[in-house]
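Undergrad:
Residue numbers (this note's numbering): 890 to 1451.
1) Among residues of its own chain, excluding the 5 on either side of residue 949, which ones have a beta-carbon nearer than 8 Å to its beta-carbon?
2) So, is residue 1160 buried or exposed, given that buried needs 16 or more other C-beta atoms within 10 angstroms?
3) Tell me which residues share the same chain as residue 1039 and place their Cβ nearer than 8 Å to its Cβ, disregarding the 5 neighbours each side in the sequence.
4) If the criterion is Cβ atoms closer than 9 Å, does the pair residue 1148 and residue 1253 meet it?
5) Pull up the distance between the alpha-carbon of residue 926 and that of residue 963, whole angstroms please.
6) With residue 1411 as the anchor, note down where its alpha helix (DSSP H) starts and where it stops.
7) So what does residue 1240 bridge to, in DSSP terms?
8) DSSP three-state call for residue 1014: helix, strand or coil?
9) Helix, strand or coil, according to DSSP, for residue 1092 in the structure here?
10) What are the start and end residues of the beta strand (DSSP E) that includes residue 1268?
11) Considering only the beta carbon of each residue, do residue 1114 and residue 1014 sit closer than 9 Å?
12) What's the C-alpha gap between residue 1097 and residue 1077?
13) From the DSSP output, in three-state form, read off residue 1286 for me.
14) Skipping 5 residues on each side, what residues in its chain have a beta carbon closer than 6 Å to that of residue 1387?
15) Counting C-beta neighbours from all protein chains within 10 Å, is the total for residue 1005 16 or more, i.e. buried, or is it exposed?
16) Using the rule of at least 16 other Cβ atoms within 10 Å of the residue's Cβ for burial, across every protein chain shown, is residue 1285 buried or exposed?
17) With C-beta atoms as the reference, is residue 1237 less than 9 Å away from residue 1261?
18) Quick check on the DSSP output: the alpha helix (DSSP H) that includes residue 1459 runs from which residue to which?
19) Between residue 1242 and residue 1131, how many whole angstroms is the CB-CB distance? I'm expecting something under 8 Å.
20) Please classify residue 1283 as buried or exposed, where buried requires at least 16 neighbouring CB atoms within 10 angstroms.
21) Which of the three DSSP states, helix, strand or coil, is assigned to residue 1310?
22) Kindly indicate which three-state DSSP category residue 1359 falls into: helix, strand or coil?
23) Where do the N-terminal and C-terminal ends of the alpha helix (DSSP H) with residue 1028 fall, by residue?
24) According to DSSP, residue 1043 sits in a beta bridge with which residue or residues?
25) Thinking just about the alpha-carbon of each residue, which of 1365, 973 and 1055 is nearest to the one in residue 996?
26) Tell me the rounded alpha-carbon separation between residue 1319 and residue 1353.
27) Let me know the secondary structure DSSP gives residue 994 once reduced to three states.
28) Nearest CA to the CA of residue 856: which residue from 1066, 1140 and 1292?
29) Please identify the residue among 1379, 1063 and 1011 whose C-alpha is closest to the C-alpha of residue 1419.
30) Ignore the nearest five residues each way along the sequence and tell me which others in residue 1153's own chain have a CB closer than 6 Å to its CB.
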């Protein structure tokens, strides 16, 4: 078993600052993960990977990645560059409080939403994260305490359809409530973006510019992570302090550099354990796995390779013995728990404060990208789903007739996939038969994620049925996360899409389509792109949400009990 960082004579001989860092941040590895560390870390140290990374050397990922990497390394010192923002955020929070505004809604996607979500949930402060186009969820964001609400519109370009639609909806909601919308809208965007100029011209309450040299999924410690979190009341100073302290160790070319070790464990196993099963075992950080999921999947899932994060809860089938040979358990643990990696397990366990871990995992992901020989800073396949969505919205085709109808469920799929299926159970069983021996199943639920949490039960049910790693993603949220891996990663996935009609749709002010039409187009567009990539996709559209959800879960229970 790998030693816990900070307990060795090597660490003890270093300055006290390093001892403090390594006593609160830990990477423990065993089995295949430990072997990967032993195999790769000495070469990473010899290549001076860590010091070159923190010096923003854009050549670390090969010639094809140099152009993009040269523009995307601002995250390595974001904890320092972001310091001047802190007082501005606190002053704005006080200004809002003086006006009785104490509820904040964040409209953002992917990297613009996942970091603030984990920061505020861990801090125990309220932030409504609107990262959905489901009309029910949008209506909930608009209708609750609007008189005490400010909306943070967070987008690098401002052109993200989900974010722009939310901005329009909030402008109307504030106006209808007799509130000047400009006084309640805060914008976070890249300097010089179209949104930057438009927001300033509109006179919005505050316009913050983020560091344009940081990609969305690496932006946790930039304006995108700090502004929503700070306005909501999280301790962003402590977050930056912890990251800054960790950076002193992570930049060192040393065998006990925890980022080199974690990156080697994630991306350097032989053969590659490419399903990274993330399980929280008392880390004290709420929702960290969801943030890490986007970081890892979107950074590595391309060129037919990559790492698929699989976020699981307690008693996950994927972690029941024997663990599959392509699975690497990645356990998020508390700093004082040393008992998790006993015996002949293949796993890595990580502990530490939130700010320190954010920088640790960002750095480790950059290391894993180098070992996988890919560019960790682009996302070539995310745009394909956006293009398909825009095409569906522009053409507004009549819905294709269902291939099968069973109760409240309309069933659609390729003829080859559904061959012989006569009902919902048969269709699901047909999809499961398409799953390769080394494959994974992805459940994609285009629903209001705050109301229909029971749909998440489908993940563990299907993992038990298939005995294969199974992911669960809320649409369209996952399109900015695992959506990249689904198209660009290994072609061994099978996809179960669950969407539903809304009882009450919601107009997008000034738009050519409604929120209901948008989320439906996003589901259809993504399914189309997956099929174009040769992935098996089963689409279930529920004509009634309540009865349809129960019907789907009942069928899964029946298949499990066969």
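Every residue, glycine too, gets a C-beta built ideally from N, C-alpha and C.
For clarity, every value in this text was computed on a predicted model and none was experimentally measured.
TA: The short version:
1) Same-chain partners within the cutoff: 938, 941, 942, 958, 1255 and 1259.
2) The residue is exposed, with fewer than 16 neighbouring Cβ atoms inside 10 Å.
3) For residue 1039, where only same-chain residues beyond five positions count, the Cβ hits under 8 Å are 985, 990, 992, 993, 994, 1073, 1074, 1075, 1094 and 1120.
4) Going by C-beta atoms, residue 1148 is nearer than 9 Å to residue 1253.
5) About 27 Å.
6) Start and end: 1404-1421.
7) Residue 1240 is bridged by DSSP to 915.
8) Per DSSP, reduced to three states, the secondary structure at residue 1014 is coil, with no helix or strand assignment.
9) Coil at residue 1092, not helix or strand.
10) That residue, residue 1268, is in no beta strand (DSSP E); it is neither H nor E in DSSP.
11) Taking 9 Å as the Cβ cut-off, residue 1114 and residue 1014 do not qualify as a contacting pair.
12) Roughly 5 Å separates the two Cα atoms.
13) Reduced to three states, the DSSP call for residue 1286 is coil.
14) For residue 1387, where only same-chain residues beyond five positions count, the Cβ hits under 6 Å are 1334 and 1429.
15) Per the 10 Å Cβ criterion, buried.
16) Answer is exposed; the Cβ neighbour count stays below 16.
17) No.
18) The structure shown does not extend to residue 1459, since the chain is modelled only from 890 to 1451, so the question has no answer here.
19) With 8 Å as the limit, residue 1242 and residue 1131 qualify as a contact, their Cβ atoms being about 4 Å apart.
20) Exposed.
21) Of the three classes helix, strand and coil, the one that applies to residue 1310 here is coil, per DSSP.
22) Judged by DSSP in its simplified three-state form, residue 1359 adopts strand.
23) It spans 1024-1032 - the alpha helix (DSSP H) in which residue 1028 sits, taken as one unbroken run.
24) Bridge partners of residue 1043: 1077.
25) Nearest C-alpha to residue 996: 1055.
26) Taking the straight line joining both Cα atoms gives about 16 Å.
27) Correct three-state label for residue 994: strand.
28) Since the first and last residues shown for the chain are 890 and 1451, residue 856 lies out of range.
29) Looking at the Cα atoms, 1379 is the closest of the given residues.
30) Cβ within range, chain order: 925, 926, 929 and 930.
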